[in-house]
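A short write-up of the structure that comes next.
Numbering (full-length UniProt numbering), first residue to last: 1 to 133.
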């Protein structure tokens, strides 16, 4: 991905480049300052098929031994539906989102989730989530 291309997560502002949005978290390993920014970077990692970023941002208590196969799905867009807490001074937070996709077989759909995040040693981690109706 070219750093000047639009970020897959859609960015906090319209037409934000990858370099100015998720690249510092996904490529450089910088800690995301909020749980929403971490969630956006994780969506971007799914879109870029970056299992390393997904694994290292998953809470050790709930993280799988390995990330499932990321092939076969094209991520089409992210909608952040709401957030609660999860700021730079919080220890927990949640993000509700819808992540739209298309499979290689042509099926379209969306993952809708209420995600929980926790901060450990100054870093946000994805803990788990519940499917939204």
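Backbone N, C-alpha and C fix where the C-beta goes; we use that ideal spot for every residue, glycine too.
If you compare the alpha carbons of 47, 131, 55 with that of residue 77, the shortest gap goes to 47.
If you draw a 10 Å sphere on the C-beta of residue 122, you find fewer than 16 other C-beta atoms in it, and that means exposed. The beta carbon of residue 53 sits closer than 6 Å to the beta carbons of 26, 45 from its chain, once the five residues preceding and following it are set aside; these are given in chain order.
Leaving aside the five residues that flank residue 112 on each side, the residues in its chain whose CB is nearer than 6 Å to its CB run, in chain order, 98, 132.
Counting only residues of its own chain and dropping the five nearest sequence neighbours on each side, residue 7 has a CB closer than 6 Å to the CB of 16, 18, 21, 22. Short of 7 Å from the beta carbon of residue 79, and not among the five residues preceding or following it, lie these beta carbons of its own chain, in chain order: 97, 98. One alpha carbon belongs to residue 93, the other to residue 106, and they sit about 34 Å apart. Considering only 66, 36, 70, 35, the residue with the shortest C-alpha distance to residue 103 is 70.
For residue 32, the closest C-alpha among the options 62, 58, 51, 101 is that of 58. Assignment of residue 91 by DSSP, reduced to helix, strand and coil, places it in the coil class.
By DSSP's assignment, residue 102 forms a beta bridge with 74, 108.
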